[in-house]
């Protein structure tokens with residue numbers, strides 16, 4: 018697998034996890050059956066999930082625009098994927114917690 022493919026896969030997975038997270042927490046906020054503090058927390062986490070999706074899309078646009086302009090040497094695909102790893106790990110961790118809750 019080429020490293021550029023890894024960058025694409027990582028951002029797609031980040032966006033998918035962000036969508037799951039945003040949807041879950043938006044649904045929790047919308048149900049209005051939790052305490053006010055929990056609903057505010059759910060709204061904040063829904064925004065964080067949505068922001069992860071937007072950031073993943075922006076990251077892909079920036080990555081491919083650098084490749085086309087010839088700035089690929091400034092930040093290689095391996096470094097790019099490494100820089101994006103913490104966001105992916107965080108969104109994946111939250112998604113795993115959500116899936117465990119939904120499946121239990």
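In our numbering, the protein residues as written are 18 to 121. Just so you know, even glycine gets a beta-carbon here, dropped at the ideal spot from N, CA and C.
Three-state secondary structure assigned by DSSP to residue i
i: residue 187; result: Nothing about residue 187 can be read from this structure; the chain reaches only from 18 to 121.
i: residue 112; result: helix
i: residue 121; result: coil
Anticipated Cβ contact below 8 Å, residue i with residue j, distance rounded
i: residue 20; j: residue 67; result: About 28 Å separates the two Cβ atoms, so there is no contact after all.
i: residue 98; j: residue 37; result: In fact, because the Cβ distance is near 21 Å, the residues do not count as touching under 8 Å.
i: residue 27; j: residue 101; result: 5 Å
Cut-off 6 Å between Cβ atoms - residues of its own chain near residue i, not counting five sequence neighbours on either side
i: residue 42; result: 59, 62, 63
i: residue 109; result: 34
8 Å CB neighbourhood of residue i in its chain, flanking five on each side removed
i: residue 51; result: 45, 59
i: residue 54; result: none
Candidates the options: closest to residue i by CA position
i: residue 31; options: 117, 54, 107, 120; result: 107
i: residue 105; options: 118, 34, 39; result: 34
i: residue 29; options: 71, 40, 49, 48; result: 71
i: residue 39; options: 77, 65, 48; result: 65
### Task
Could you tell me whether the stretch 52-59 touches the stretch 69-89, using the rule of 3 or more Cβ pairs below 8 Å?
no
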